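Okay, structure first, notes after.
Residue numbers (our numbering): 5 to 339.
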């Protein structure tokens, strides 16, 4: 099958799914009153979506994203199928506007839907149904859309857009800034309970699980944005760890250790982020450098010393008894 034939097949399949949407959406849907944002980073191509609501596990149904395809927020009285069907349509070549228009035409409850779509080219489309609970509205800009309903004030989505455009840094940080601005503006009239964020790479690798840079949910929390921001920072550190692993696999030792160091600097008291770089150094023959790290790990939690002898048999440390002895000597002496 040629690429053109595959694209035609996907488009036909997506249109068939749209035709069946009325049978899926026989009810108005469950409440998903919230504020959210979809956006693209024009420089990196990364795409993402973020949301907060006074509703349990809002991220499980509101935000959707696929590398190389687009990102979607479906809220108000949620019809979750807008997520996968919208991605199907955009994957098949429809623009965000075309995909959204097609789904709305097939939905007899479009008046209570609030949906925003972003395609892989950075084009956006948004819909706020006339029967969304006030205050409700949306604002689209260059590569982004902010939307909200059941808000305390009708200035929330404007505040989100201003924060997104005025924030520098990674896409994840700009999305987070938009959520924080919405909350600072009064947010959901009912309060807050859950939040979520997803960011995917701009170009698909063909393996979706490898293309998610951030995929985080706070399901139930008195301060969901505070917790989400904490998780984002932790995720960044683990991204550095994963980057280090990849670079070392490619034989780029110096670059790999630099990535590890960035993670350790972010969380200097996290044993996990210190232990594995120590193992890597020891395996590369940089024993003295590794011992300093092992000593710090064992001071945080002596149980990590129990793990060390288990690593040589499975190829994670050299089968060198003297090396293992030196490493274990860094553990605190038992009283």
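Quick reminder that beta carbons are idealized off the backbone N, C-alpha and C, glycines included. Just so you know, these numbers come straight off a predicted model, no measurement behind them.
- In the three-state DSSP reduction, residue 91 falls in the helix class (H, G or I).
- Under the three-state reduction of DSSP output, residue 43 falls in the strand class.
- Residue 331 is not bridged by DSSP to any residue.
- Residue 240 and residue 112 have their C-alpha atoms roughly 42 Å apart.
- By the Cβ criterion, the segment 232-247 is not in contact with the segment 151-162, since fewer than three pairs of Cβ atoms, one from each stretch, lie closer than 8 Å.
- DSSP places residue 62 outside both helix and strand once states are collapsed to three, so it counts as coil.
- Setting aside the 5 residues that flank it on each side, residue 260 is surrounded in the same chain by 248, 251 and 252, each with a C-beta closer than 6 Å to its C-beta; the list follows chain order.
- Annotation: the continuous alpha helix (DSSP H) that includes residue 287 extends over 275-287.
- Pairing residue 84 with residue 273, the inter-Cα distance amounts to about 41 Å.
- With a beta-carbon spacing of about 4 Å, residue 71 and residue 215 fall inside the 8 Å limit used to define contacts.
- Across the structure, residue 127 and residue 94 are spaced so that their CA atoms are roughly 11 Å apart.
- Under the Cβ criterion (8 Å, minimum of three pairs), the segment 47-58 counts as touching the segment 197-204.
- When the five nearest sequence neighbours on each side are left out, the beta carbons in the same chain lying within less than 7 Å of the beta carbon of residue 87 are those of 68, 76 and 78, in order along the chain.
- If you compare the alpha carbons of 161, 256, 144 and 123 with that of residue 138, the shortest gap goes to 161.
- Around the beta carbon of residue 310, a 10 Å sphere encloses fewer than 16 other beta carbons of the protein chains shown; the residue is thus reported as exposed.
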